[in-house]
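If you want my numbering, it's the position in the sequence shown, counting the first as 1, plus 1398. Even glycine gets a Cβ: it sits at the ideal position worked out from N, Cα and C. Bear in mind that the values here come from a model prediction, so they are computed numbers and not experimental data. Working notes, structure below.
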Amino acid sequence: MTRPRPEPVQVVKQRRDAALKALVDGVPYIGFLGVEFERRGDELTAIMPFDEKLIGNPLLPALHGGATAAFLEITSIIGLSWVTLWEEIESGKLEPETLTHGRLPRLPKTIDFTVDYLRSGLPRDAYARAQVNRSGRRYASVHVEAWQDNRARPIAQATGHFLMPRRDG
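What follows is the structure, encoded as structure tokens:
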């Protein structure tokens, strides 16, 4: 019995990048905030480039708490979706062409989302990473942290609970 020949690394990377782009482009608010995702293997880092529209208090100046919370929630949802879809993307079962033609899998829905504001967000780029604590068929729990210059000094963290979409098939 012969094993199938592994796909070239460029094909795998293109499939991963196309799937992530389709996932992110499917949510218009992500584009409005300017949030981008950087992928290294199965790990995602969200980046919210600084923009004047994100300032909540011009006297400090500091990032608006709502923009920070939205950034954390976006990171949680995309991170959770990425973890959920990873096996299908890797196996080729989920083709990026399917995602780019508007047939995106449904995203998890937020049940609750609790944000802890730890420091003022300065007028700089912000970064975030989500860690999926539990992901089942119906429910998921995610922890996310955002930082700016030093990952050891987060500006905010959050815990979210999500209702997982039905996966028929």
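Review point. Mind checking if residue 1415 is an interface residue toward chain C, Cβ cutoff 9 Å exclusive?
Key: You won't find chain C in this structure, because it holds only one protein chain.
### Query
Does the Cβ-Cβ distance between residue 1563 and residue 1506 come in under 9 Å?
Here residue 1563 corresponds to residue number 165 of the sequence shown, with the count starting at 1. Here residue 1506 corresponds to residue number 108 of the sequence shown, with the count starting at 1. Yes; because the gap between Cβ atoms is below 9 Å, this pair is in contact.
Could you please give the first and the last residue of the uninterrupted alpha helix (DSSP H) stretch that includes residue 1472? Translated into the one-based positions of the sequence shown, residue 1472 becomes position 74. Per DSSP, residue 1472 belongs to the alpha helix (DSSP H) from 1463 to 1489.
Exercise for the section: Would you decide whether residue 1430 is buried or exposed? Buried here means 16 or more other CB atoms lie within 10 Å of its CB. Expected result: Position 32 of the sequence shown, counted from the first residue, corresponds to residue 1430. That one is exposed.
#### Entry: Between the CA atoms of residue 1422 and residue 1479 - distance to the nearest angstrom
Start at 1 with the first residue of the sequence shown, and residue 1479 comes out as number 81. Start at 1 with the first residue of the sequence shown, and residue 1422 comes out as number 24. Rounded to the nearest angstrom, the two C-alpha atoms are 10 Å apart.
Notebook entry, point to check: How do the region 1445 to 1464 and the region 1528 to 1535 stand: do at least 3 beta-carbon pairs fall below 8 Å, yes or no?
Noted result: no
Item checked: Those residues which DSSP pairs with residue 1539 across a bridge -> In the sequence shown, counting from the first residue as 1, residue 1539 sits at position 141. In DSSP, residue 1539 forms a bridge with 1532, 1559.
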